[in-house]
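S.K.:
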Amino acid sequence: MSNPWLAVPLSEYEQHMSSVEVQQLGALSDLFAEAIGCCHPFSIAVLGIAGGNGLDHIDSSITVRVVGLDLNPLYLDAVRQRYSHLPGLELHCVDLSERHVELQPVQLVHAALIFEHAGADCCLENAISMIVPGGNLSVVLQLPTESGQTVGASQFSSIQNLKHHFCVISSAWLCESLAGRGFRLIHQTTRALPAGKGFWAGIFSAPEAHHRK
């Protein structure tokens, strides 16, 4: 079965995420900037990079390697066009939910709204394996809503198709799972959004030695 993200044009995704009813694109950009400001990484990997939202916050005098991963090659083409000026830009087309990725580890792995779509099995293992010992993992999760709504109403049918492939991930479960792997939560925050939605963001410090299961 083809992944539904391959049928979502980047323009439709970005219009939906930045719409007045959703307002998630700006919030995600702010939380990425917060993670960068907290960690000051010399290398970053962004899981599910889409069109590169937030990459303009990167200070190239500090961060000299930027790795972007996404399963949609057209998204990666857009990132390449928009951010070719970033030093050490590496783009990899891969489905993180199905394939283990072998890359030179980075100081900060940023995973925003990816586990809800890709699951927290293979994708989480990939995230952990990409972090240098003592590095950081930044995660943004969508908080559960009283209505149980996951993907917001959209004028785009491609976006509506995603709701059948979206599963809310518990921040408490994630923190407990990572703590069992030696990760320490060093910062967390929440961000309110329209329609009763919200984000939870957490930054974890990786142990000095960690391994993929």
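Just so you know, our numbering puts 366 at position 42 of the sequence shown, and the rest follows in order with no gaps.
C-beta atoms are modelled at their ideal positions from N, C-alpha and C, and glycine is treated no differently.
Every value quoted in this text rests on a predicted model; they were computed, and no experiment measured them.
#1: Could you tell me whether the stretch 373-382 touches the stretch 346-356, where touching means 3 or more Cβ pairs closer than 8 Å?
#2: Report yes if the CB atom of Gln466 is closer than 8 Å to the CB atom of Phe528, and no otherwise.
#3: Which class does Glu532 belong to by DSSP, given the choice of helix, strand or coil?
#4: Give me the Cα-Cα distance between Gly372 and Arg404, rounded to the nearest whole angstrom.
#5: If you count every other CB in all the chains shown that lies within 10 Å of the CB of Phe507, and 16 or more means buried, which is it?
#6: Cβ of Cys363 within 8 Å of Cβ of Asn450?
#7: When burial is assigned at 16 or more other CB atoms within 10 Å of the CB, is Ile452 buried or exposed?
#8: Between Ile360 and the rest of its own chain, which residues show a CB-CB distance below 7 Å, the 5 nearest in sequence each way excluded?
#9: Going by CA-CA distance only, name the one from Glu338, Gln339, Leu334, Gln348 that's closest to Leu517.
#10: Excluding sequence positions up to five away, which residues of its chain have a Cβ less than 6 Å from the Cβ of Leu334?
#11: Looking only at C-alpha atoms, which of Cys446, Pro397, Glu336 sits nearest to Glu422?
#12: Quick check on the burial criterion: 16 or more other C-beta atoms within 10 angstroms. Buried or exposed for Ile386?
#13: Tell me whether Glu449 sits in a helix, a strand or coil according to DSSP, three-state version.
#14: Less than 8 Å between the beta carbons of Pro457 and Ala533, yes or no?
#15: Could you give the first and the last residue of the continuous alpha helix (DSSP H) run that contains Gly350?
#16: Let me check understanding here. Comparing Cα to Cα, which of Ser367, Ser408, Gly412, Leu420 lies closest to Leu393?
#17: Rounded to whole angstroms, what's the CA-CA distance from Ser384 to Ala525? Just pull it up for me.
#18: For Gln428, count the other beta carbons within 10 Å of its own beta carbon; 16 or more makes it buried, fewer makes it exposed. Which is it?
#19: Quick check: Leu437 and Val418, are their CB atoms within less than 8 Å of each other?
#20: Beta strand (DSSP E) containing Ala442: first to last residue?
#21: When burial is assigned at 16 or more other CB atoms within 10 Å of the CB, is Pro411 buried or exposed?
M.R.: Based on what the coordinates show:
#1: yes
#2: The residue given as residue 466 occupies position 142 in the sequence shown. The residue given as residue 528 occupies position 204 in the sequence shown. No. Outside cutoff.
#3: The residue you call residue 532 lines up with position 208 of the sequence shown. Of the three classes helix, strand and coil, the one that applies to Glu532 here is coil, per DSSP.
#4: Counting from one through the sequence shown, the residue named residue 372 turns up at place 48. Counting from one through the sequence shown, the residue named residue 404 turns up at place 80. Answer to the nearest angstrom: the Cα atoms are 14 Å apart.
#5: Position 183 of the sequence shown, counted from the first residue, corresponds to residue 507. Phe507 comes out buried.
#6: Taking the sequence shown and counting its residues from 1, one reaches residue 363 at position 39. Taking the sequence shown and counting its residues from 1, one reaches residue 450 at position 126. No, Cβ-Cβ distance for Cys363 and Asn450 is not below 8 Å.
#7: Taking the sequence shown and counting its residues from 1, the one referred to as residue 452 is at position 128. So Ile452 ends up on the buried side.
#8: Within the sequence shown, the letter at position 36 stands for residue 360. Contacts found: His381, Ile382.
#9: For the purposes of this step, residue 517 is taken as residue 193 along the sequence shown, with counting starting at 1. Taking only the C-alpha atoms, the option nearest Leu517 is Gln348.
#10: The sequence position of residue 334 within the sequence shown is 10, counting from 1. Contacts found: Gly375, Tyr399, Ala402.
#11: Residue numbering aside, residue 422 sits at position 98 when the sequence shown is read from its first letter. Checking every option, the nearest Cα to that of Glu422 belongs to Cys446.
#12: Looking up residue 386 in the sequence shown gives position 62. Classification for Ile386: exposed.
#13: Start at 1 with the first residue of the sequence shown, and residue 449 comes out as number 125. Note: Glu449 maps to helix in three-state DSSP.
#14: Looking up residue 457 in the sequence shown gives position 133. Looking up residue 533 in the sequence shown gives position 209. Yes, they are a contact pair.
#15: Translated into the one-based positions of the sequence shown, residue 350 becomes position 26. 348-363 is the span of the alpha helix (DSSP H), which, as asked, contains Gly350.
#16: Your numbering for residue 393 matches position 69 in the sequence shown. Among Ser367, Ser408, Gly412, Leu420, the Cα nearest to that of Leu393 is on Leu420.
#17: The sequence position of residue 384 within the sequence shown is 60, counting from 1. The sequence position of residue 525 within the sequence shown is 201, counting from 1. Spanning the two alpha carbons is a distance of roughly 24 Å.
#18: Taking the sequence shown and counting its residues from 1, the one referred to as residue 428 is at position 104. The residue in question, Gln428, is exposed, as its Cβ has fewer than 16 Cβ neighbours within 10 Å.
#19: One-based indexing of the sequence shown puts residue 437 at position 113. One-based indexing of the sequence shown puts residue 418 at position 94. Not closer than 8 Å, so no.
#20: Sequence index remark: in the sequence shown, residue 442 carries index 118 (1-based). From DSSP, Ala442 is part of no beta strand (DSSP E) but of the alpha helix (DSSP H) over 439-442.
#21: Position 87 of the sequence shown, counted from the first residue, corresponds to residue 411. Exposed, since its Cβ has fewer than 16 Cβ neighbours within 10 Å.
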